[in-house]
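A.B. asks: This is the structure I have questions about; it appears just below.
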Amino acid sequence: MRTITTPSTWSFLELNPHLRPHNKFRVKTRGTHTFLRANAPIDSDPFHSLYPSHTKMSDSGSDGAQPGTVNLASLSVPQLRSLQSRLTSELEHLTTSHSKLRAAQAKFRDCVRSINDGVTGSKDKGTDGQDDILVPLTSSLYVKGRLTDRERVLVDVGTGFYVEKTPAKAVAFYDDKIKGLDANLQELEKIVSGKSQQLRVVEEVLRQKMLSGEAPAQPAAASAS
1 MRTITTPSTW
11 SFLELNPHLR
21 PHNKFRVKTR
31 GTHTFLRANA
41 PIDSDPFHSL
51 YPSHTKMSDS
61 GSDGAQPGTV
71 NLASLSVPQL
81 RSLQSRLTSE
91 LEHLTTSHSK
101 LRAAQAKFRD
111 CVRSINDGVT
121 GSKDKGTDGQ
131 DDILVPLTSS
141 LYVKGRLTDR
151 ERVLVDVGTG
161 FYVEKTPAKA
171 VAFYDDKIKG
181 LDANLQELEK
191 IVSGKSQQLR
201 VVEEVLRQKM
211 LSGEAPAQPA
221 AASAS
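The opening residue of the sequence shown carries number 1 in my numbering; numbering runs sequentially from there.
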């Protein structure tokens, strides 16, 4: 008796593997000023649906900045804190999305392993020709079953549709999904890296302002005295 691991609920997180370059804010330093510059329009970001909507940061060109840039040194402490909070929230959302994509990829790998070990069988593993199986109803509940056809499997292709395939074609289908998610994960990791860099720069500018004694309440207190 052997167990075939088949997830009861599928999460098909399918993204286009042929992605255009994602949108980033490039960190630039000019003299004593630090800028965030948008390389591309926000709409060109293929992962825009994975994290909260952005507000394009722009400046008319003050302090020597080019249009489409923000001089972080010109922002007040509350503005920097707001930007820090937004970037932190986006990073958390991106990290969660990354975990979901990894989980989906793991499920596809489980499908390949189930086909190879449980359907087609392997003489080396002692499963060849054994038709008795345990079918999981939940993560801890199983029923006895018998494999009646080793030549065909039903593949969930998403949105409740199932397609009959040979084991070889089913494995090829899942392998393609795994490779596609690999490409998307690499792109997502680049975005996470860029956001992390932006957050570090904002936090450093905020720290410098706090150390220099710039606080929103100080001017009001000074004028009151």
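Positions of the beta carbon are idealized from the N, C-alpha and C atoms, including for glycine.
In this text the structure is predicted, and so the values were computed from the model without any measurement.
Cutting at 7 Å between CB atoms, please list the residues of its own chain near isoleucine 178, excluding the five before and the five after it.
C.D. replies: Closer than 7 Å at Cβ, skipping near neighbours: Gln105, Phe108, Arg109.
A.B. asks: Once the 5 residues before and after threonine 120 are set aside, which same chain residues still bring their CB inside 7 Å of it?
C.D. replies: Result list for threonine 120: Arg150, Pro167, in chain order.
A.B. asks: What does the Cβ neighbour count give for glycine 118, buried or exposed, with the cut at 16 atoms within 10 Å?
C.D. replies: Burial call: buried.
A.B. asks: Which residue wins for smallest C-alpha separation from valine 70, given the options Gln208, Val201, Ser212, Met210?
C.D. replies: Nearest option by C-alpha distance: Val201.
A.B. asks: Short of 6 Å in beta carbon distance, which residues of its chain neighbour arginine 152, apart from the five on each side in sequence? Order them along the chain.
C.D. replies: Excluding sequence neighbours, arginine 152 sits near Glu164.
A.B. asks: One question on the structure: do leucine 188 and leucine 72 come within less than 8 Å of each other, judged by their Cβ atoms?
C.D. replies: In this structure, leucine 72 does not lie closer than 8 Å to leucine 188 by Cβ.
A.B. asks: Within the same chain, show all residues whose beta-carbon is closer than 7 Å to that of leucine 87, passing over the 5 residues directly before and after it, in chain order.
C.D. replies: Answer for leucine 87: Lys195, Gln198, Leu199, Val202, listed in chain order.
A.B. asks: If you count every other CB in all the chains shown that lies within 10 Å of the CB of alanine 170, and 16 or more means buried, which is it?
C.D. replies: Burial call: buried.
A.B. asks: Where are the beta strand (DSSP E) runs, 3 residues long or more, that stay fully inside the segment 146–199, in chain order?
C.D. replies: Fully enclosed beta strand (DSSP E) runs of 3 or longer: 153–158, 161–165.
A.B. asks: Helix, strand or coil: which one does DSSP assign to threonine 138?
C.D. replies: In the structure shown, threonine 138 sits in coil (DSSP, three-state: anything other than H, G, I, E or B).
A.B. asks: From this set, Leu206, Asp182, Tyr142, Val112, which residue's C-alpha is nearest glutamine 84's C-alpha?
C.D. replies: Residue Leu206 is the option with its Cα nearest to glutamine 84.
A.B. asks: Please name the residue in Glu204, Thr159, Leu134 whose C-alpha comes closest to that of leucine 147.
C.D. replies: Answer by Cα proximity: Leu134.
A.B. asks: How many whole angstroms separate the CB atoms of leucine 185 and leucine 91, which I take to be in contact at a CB cut-off of 8 Å?
C.D. replies: 16 Å between Cβ atoms; not a contact.
A.B. asks: Would you grab the beta carbon distance between aspartate 175 and valine 112 for me? Rounded to a whole angstrom, and I think it's under 8 Å.
C.D. replies: Yes, aspartate 175 and valine 112 are in contact; Cβ-Cβ is about 7 Å, under 8 Å.
A.B. asks: Return the chain-ordered list of same chain residues with a C-beta closer than 7 Å to the C-beta of leucine 137, the five sequence neighbours on each side being excluded.
C.D. replies: Answer for leucine 137: Val143, listed in chain order.
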